[in-house]
Amino acid sequence: MRDELRVKLLEDFPDLYPNRDPSITDYAPFQFECADGWYNIIYRLSYQLASIIANDESLAGKNVKVFQVKEKFGTMRFYMSRYTNEVHEAIAKAQEESAKTCETCGVDGDGVGLKTDGWVRTICEECEVERKGKEEERKRQWLMRRKQTEPAA
Ligand SMILES: [Zn+2]
Numbered sequence: 144m145r146d147e148l149r150v151k152l153l154e155d156f157p158d159l160y161p162n163r164d165p166s167i168t169d170y171a172p173f174q175f176e177c178a179d180g181w182y183n184i185i186y187r188l189s190y191q192l193a194s195i196i197a198n199d200e201s202l203a204g205k206n207v208k209v210f211q212v213k214e215k216f217g218t219m220r221f222y223m224s225r226y227t228n229e230v231h232e233a234i235a236k237a238q239e240e241s242a243k244t245c246e247t248c249g250v251d252g253d254g255v256g257l258k259t260d261g262w263v264r265t266i267c268e269e270c271e272v273e274r275k276g277k278e279e280e281r282k283r284q285w286l287m288r289r290k291q292t293e294p295a296a
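Take the sequence shown: its position 151, counted from the start at 1, is 294 in the working numbering, and no numbers get skipped.
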């Protein structure tokens, strides 16, 4: 995730993400290990979690933090230091949403789904075409470079 979005999340939810807690230095600076397309999902979820935590007496003073946010097997994973049923439900919904939202550009709806060629990802058709094009171009350039460095027979 690009830094501008990362910083926005960390600044808007300072109690949720551990980089603002000097006692938990292991997680600083916090990284969102997914592409920009899921930013809105993560933002909405963070907002929801902050409100759940603020209103749940059983979590008062428990210093509930997000441990890790990442992509795994094509969907978003979101790990917390503590869970309640409400926290679980909010995360499960966001994860479901991520399975229908292009991780690259954030578009959702028809044509967005899991694609795999060794690496599973949730991506829309346009981003997949662009990605494949870039891959082809890289291969072509690599072959050209190799040809240039091969000794003449
Ligand atoms: Zn896309």
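Just so you know, even glycine gets a beta-carbon here, dropped at the ideal spot from N, CA and C.
Here the alpha carbons of Thr-247 and Trp-181 stand approximately 8 Å from one another. Between the alpha carbons of Gln-211 and Pro-172 lies a distance of about 12 Å. Per DSSP, reduced to three states, the secondary structure at Glu-246 is coil, with no helix or strand assignment. Glu-176 has Lys-213 as its beta-bridge partners, per DSSP.
Burial state of Leu-286 is exposed, judged by a 10 Å Cβ sphere holding fewer than 16 other Cβ atoms. The residue from Glu-214, Met-219, Thr-227 and Thr-218 with its alpha-carbon nearest to that of Ala-197 is Thr-227. Within the same chain, Ala-233 come within 7 Å of Gln-191 by CB-CB distance, once the 5 residues on both sides are set aside. DSSP lists Thr-244 as the bridge partner or partners of Asp-251. Taking the Cα of Asp-253 as reference, the smallest distance to any Cα among Glu-239, Glu-268 and Ser-241 is reached at Glu-268. For Ala-242, the closest of Thr-218, Lys-258 and Glu-273 by C-alpha to C-alpha distance is Thr-218.
C-alpha of Leu-188 to C-alpha of Leu-152: approximately 11 Å in a straight line.
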